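Residue numbering for the sequence shown follows numbering that gives the first Met the number 0, beginning at 0 and increasing consecutively.
Okay, structure first, notes after.
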Amino acid sequence: MRIGLIAIDGCFGSAIASIIDIVRVADGARGDVDPRINPIELAILGPKRRVTTTASMTLSVDHPLSESAEFDVVVVPALGTLTAAATNDVLQSRDARSVIASLGRLDEATTRIAAACTGVFAVAETGRMHHRRATTSWFLGPEFLKRYPTVALDLDTMVVVDGNLVTAGAAFAHIDLALSLVRSISPDLAQHVAKLLIIDERPSQAAFVAYEHLRHEDPIVVEFERFVRARLDEPFNVAFVAQSLGTSRRTLERRVRAALNLTPLGFVQRLRIERARHLSATTDFTSAEIALRVGYANAETLRSLLRRERRRS
Numbered sequence: 000m001r002i003g004l005i006a007i008d009g010c011f012g013s014a015i016a017s018i019i020d021i022v023r024v025a026d027g028a029r030g031d032v033d034p035r036i037n038p039i040e041l042a043i044l045g046p047k048r049r050v051t052t053t054a055s056m057t058l059s060v061d062h063p064l065s066e067s068a069e070f071d072v073v074v075v076p077a078l079g080t081l082t083a084a085a086t087n088d089v090l091q092s093r094d095a096r097s098v099i100a101s102l103g104r105l106d107e108a109t110t111r112i113a114a115a116c117t118g119v120f121a122v123a124e125t126g127r128m129h130h131r132r133a134t135t136s137w138f139l140g141p142e143f144l145k146r147y148p149t150v151a152l153d154l155d156t157m158v159v160v161d162g163n164l165v166t167a168g169a170a171f172a173h174i175d176l177a178l179s180l181v182r183s184i185s186p187d188l189a190q191h192v193a194k195l196l197i198i199d200e201r202p203s204q205a206a207f208v209a210y211e212h213l214r215h216e217d218p219i220v221v222e223f224e225r226f227v228r229a230r231l232d233e234p235f236n237v238a239f240v241a242q243s244l245g246t247s248r249r250t251l252e253r254r255v256r257a258a259l260n261l262t263p264l265g266f267v268q269r270l271r272i273e274r275a276r277h278l279s280a281t282t283d284f285t286s287a288e289i290a291l292r293v294g295y296a297n298a299e300t301l302r303s304l305l306r307r308e309r310r311r312s
């Protein structure tokens with residue numbers, strides 16, 4: 000496999016370094032796992048001969064972007080931004096537009112595209128994600144949905160594979176993205192690399208998502224979350240909640256979906272699971288007691304939801 004790692008000035012330093020290290024460890028260890036595994040090559044692609052990352056790491060570019068089609072996988076790492084405004088500014092830069100144009104010319108039948116964090120925005124700019132599943136940094140989810148409303152965004156999952164398109168979550172999900180690429184070559188090799196580098200499995204972003212951060216732009220969703228958090232132990236009725244907030248059920252459902260990509264009931268279930276896990280880790284309550292405190296009459300209902308959540312991730 001030939002992997003082309005795109006780098007532009009200001010890209011996330013640790014993202015670049017983690018992908019390089021994981022791929023090179025995998026290539027060095029493949030003979031110990033299975034001698035039949037072909038070499039894994041990695042090269043830096045970019046719009047100029049040298050680029051500087053956020054960590055002031057200077058990289059020599061091995062190939063121009065015009066040669067991207069020669070690689071089996073092209074990886075777009077984080078752009079080095081943490082806000083929607085900064086991400087938009089970078090996407091309008093000359094270097095980013097060159098990257099977007101080169102991605103748009105790739106043939107997905109022969110070249111897989113992988114991206115993580117804000118790098119997913121660059122791929123979405125090409126239009127390739129229309130009606131496809133993807134993920135990105137959870138805290139930029141609302142902005143992503145606003146810019147690319149036809150993408151089926153999954154903010155829970157750490158790595159999403161849709162055909163020849165692979166996307167990963169926030170900055171350190173680059174580790175998960177790199178392991179996913181290695182896993183596509185050999186699951187045993189990926190497992191070996193994870194053990195060598197002591198990389199824990201992190202299939203979901205859900206544990207890291209601060210929902211109050213996601214919904215801050217919509218006052219109705221703010222009030223909705225406050226309302227249901229204060230009443231997680233009570234039965235949930237979306238019509239009653241909407242009336243209590245002075246809005247209609249349809250408006251509440253639409254606004255919650257736009258802000259969080261969840262139904263109101265789906266969001267309440269996530270909050271209940273979040274609190275149940277917290278209570279399980281910090282108290283001596285029994286399963287039945289925890290279930291009652293998060294709105295379920297019996298512990299089996301809660302256990303069923305937790306099992307379903309694990310399968311989803």
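Yeah, the Cβ is synthetic: ideal placement off N, Cα and C, and Gly gets one too.
Only a predicted model underlies this, so the values are computations on that prediction, with no experimental measurement involved.
Item to complete: Report yes if the C-beta distance between A290 and L278 is below 7 Å; otherwise report no.
Response: Remark: C-beta atoms of A290 and L278 do not approach each other more closely than 7 Å.
Worksheet entry | Test item: CB-CB of T166 and T125 under 7 Å | Cβ atoms of T166 and T125: not closer than 7 Å.
Worksheet item: Can you tell which of S136, G162, H191 has its C-alpha closest to the C-alpha of T110?
Response: G162
Worksheet item: In whole angstroms, what separates the C-alpha of S179 from that of R131?
Response: Distance between the alpha carbons of S179 and R131 is about 18 Å.
Worksheet item: If you count every other CB in all the chains shown that lies within 10 Å of the CB of N260, and 16 or more means buried, which is it?
Response: buried
Discussion item. According to DSSP, S59 sits in a beta bridge with which residue or residues?
Written reply: R49
Worksheet item: Curious, which full-length alpha helix (DSSP H) runs of at least 4 residues does the stretch 191–277 contain?
Response: 210–213, 218–228, 237–243, 248–259
Worksheet item: Below 7 Å between beta carbons: does that hold for I43 and L4?
Response: yes
Discussion item. Quick check on the burial criterion: 16 or more other C-beta atoms within 10 angstroms. Buried or exposed for E211?
Written reply: Caution is warranted here: a pLDDT of 49 is assigned to E211, below 50, making its placement in the model unreliable, and no coordinate value can be reported.
Item to complete: With a 10 Å radius around its C-beta and 16 neighbouring C-beta atoms as the bar for buried, classify Q242 as buried or exposed.
Response: Of the other Cβ atoms in all chains shown, fewer than 16 fall within 10 Å of the Cβ of Q242; this residue is therefore exposed.
Discussion item. Within 10 Å of its beta-carbon, does L139 have 16 or more other beta-carbons around it, so buried, or fewer, so exposed?
Written reply: buried
Practice prompt. Take L231 as the anchor and find which of A275, E252, F143 has the nearest alpha-carbon.
Written response: A275
Worksheet entry | Range of the contiguous alpha helix (DSSP H) that encloses T86 | 83–90
Practice prompt. Below 6 Å CB to CB, which residues in the same chain sit around V60 once its five sequence neighbours on both sides are set aside?
Written response: Here the set comprises I43, G45, R48.
Worksheet item: On the three-pair Cβ rule with 8 Å, is the stretch 29–36 touching the stretch 112–128?
Response: no
Item to complete: Ignore the nearest five residues each way along the sequence and tell me which others in D8's own chain have a CB closer than 7 Å to its CB.
Response: Contacts found: V50, T51, D94.
Worksheet item: If we ignore side chains and look at the alpha-carbon of each, how far apart do S144 and G30 end up?
Response: At residue 144 the sequence reads Leu, which differs from the Ser that was named. Each residue's alpha carbon lies about 43 Å from the other.
Item to complete: Could you work out which residue in M56, V74, T57 is closest to V181 when comparing CA atoms only?
Response: V74
Worksheet entry | Inter-residue spacing [alpha-carbon to alpha-carbon] between V240 and T246 | 9 Å
Fill in: Whole-angstrom distance between V24 and V192, CA atom to CA atom
7 Å
Item to complete: Reducing DSSP to helix, strand and coil, say where I36 ends up.
Response: coil
Item to complete: Tell me whether A114 is buried or exposed, calling it buried when 16 or more other Cβ atoms sit within 10 Å of its Cβ.
Response: buried
Item to complete: State the CB to CB distance for the pair R256 and T262, rounded to an integer number of angstroms; the pair is presumed to be in contact (CB under 8 Å).
Response: 7 Å
Fill in: Inter-residue spacing [alpha-carbon to alpha-carbon] between R214 and R225
For R214, the predicted model reports a pLDDT of 43, less than 50, meaning its position is unreliable; a value from the coordinates is still stated below. R214 and R225: Cα-Cα distance of roughly 11 Å.
Discussion item. Give me the DSSP bridge partner(s) of A151.
Written reply: R132
Item to complete: Could you tell me how far apart the beta carbons of S17 and H173 are, in whole angstroms, since I believe they sit closer than 8 Å?
Response: Separation of the CB atoms of S17 and H173 is rounded to 5 Å, and the pair is thereby assigned contact status at 8 Å.
Worksheet item: Ordered along the chain, which non-local residues of its own chain (more than five positions away) have a Cβ less than 8 Å from that of L195?
Response: V24, A28
Practice prompt. Classify A296 as buried or exposed, calling it buried when 16 or more other Cβ atoms lie within 10 Å of its own Cβ.
Written response: A296 comes out exposed.
Discussion item. Please return the same chain residues whose Cβ sits closer than 8 Å to the Cβ of V237, not counting the five positions on each side in sequence.
Written reply: R248, L251, E252, P263, L264
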